[in-house]
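Note that the sequence shown covers residues 13 to 151 in the working numbering. For every residue, glycine included, the Cβ atom is placed at its ideal position computed from N, Cα and C. Report on the structure given below.
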Amino acid sequence: FEVKDVLKIAICDDDHIFVTHIREICQSFYRTQEIEVKFYCFTSGQALLDSKQSFDLVLLDVEMPVLDGFKVAAQLRKETKVPYVIFLTSHMSRMAEGFYVRAFRYLLKPANKEEVYQALQDTIHEILIDKEKLSFEEQ
Numbered sequence: 013f014e015v016k017d018v019l020k021i022a023i024c025d026d027d028h029i030f031v032t033h034i035r036e037i038c039q040s041f042y043r044t045q046e047i048e049v050k051f052y053c054f055t056s057g058q059a060l061l062d063s064k065q066s067f068d069l070v071l072l073d074v075e076m077p078v079l080d081g082f083k084v085a086a087q088l089r090k091e092t093k094v095p096y097v098i099f100l101t102s103h104m105s106r107m108a109e110g111f112y113v114r115a116f117r118y119l120l121k122p123a124n125k126e127e128v129y130q131a132l133q134d135t136i137h138e139i140l141i142d143k144e145k146l147s148f149e150e151q
């Protein structure tokens with residue numbers, strides 16, 4: 013696998029300790045893959061939306077004050093190009109709502125390192141498939 017561009021990843025959770033934890037797991041994974049990543053960390057859905065950034069991947073909490081993760085994901089899909097959203101939550105009961113905003117994965121907290129690694133590996137695989145499709149279409 014080869015990803016030449018810097019991946020832009022947003023992590024959004026109202027628990028800043030969990031944001032740090034997930035960022036560290038992600039950094040460890042991408043280091044092993046020798047992929048350059050830029051992280052953008054947010055502790056509210058509104059702050060993420062206000063950033064007006066486009067991301068390759070968003071790791072997003074479901075239960076947050078004011079705007080829950082599903083509302084944030086729906087708004088991101090309207091305003092920017094976010095191909096992959098991984099939800100991180102303690103609430104399995106709301107998992108079906110993720111389909112309405114095209115969730116790529118739905119991980120239960122506390123997400124263990126292996127689950128996060130697998131989701132990130134699957135995301136890389138999909139990003140590379142998308143890049144191949146794009147380069148094929150340009151030919």
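- Restricting attention to Pro-122, Glu-138, Val-113 and Cys-53, the CA atom closest to the CA of Lys-90 is found in Val-113.
- One alpha carbon belongs to Gln-45, the other to Ala-22, and they sit about 19 Å apart.
- Per the DSSP secondary-structure output, Asp-73 pairs in a beta bridge with Leu-100.
- A distance below 8 Å separates the beta carbons of Lys-50 and Val-18.
- The count of Cβ pairs closer than 8 Å, one atom from the stretch 127-142 and one from the stretch 31-42, reaches three, so the stretches are in contact.
- In the DSSP assignment, Lys-20 is bridged to Lys-50.
- Per DSSP, Arg-43 lies in no beta strand (DSSP E); the unbroken alpha helix (DSSP H) holding it starts and ends at 28-45.
- Partner residues in the beta bridge of Leu-119, as assigned by DSSP, are Leu-100.
- The stretch 52-63 makes no contact with the stretch 97-110: fewer than 3 CB pairs, one atom from each, lie closer than 8 Å.
- The shortest CA-to-CA distance from Phe-67 to any of Cys-24, Pro-122, Val-74 and Asn-124 is the one to Cys-24.
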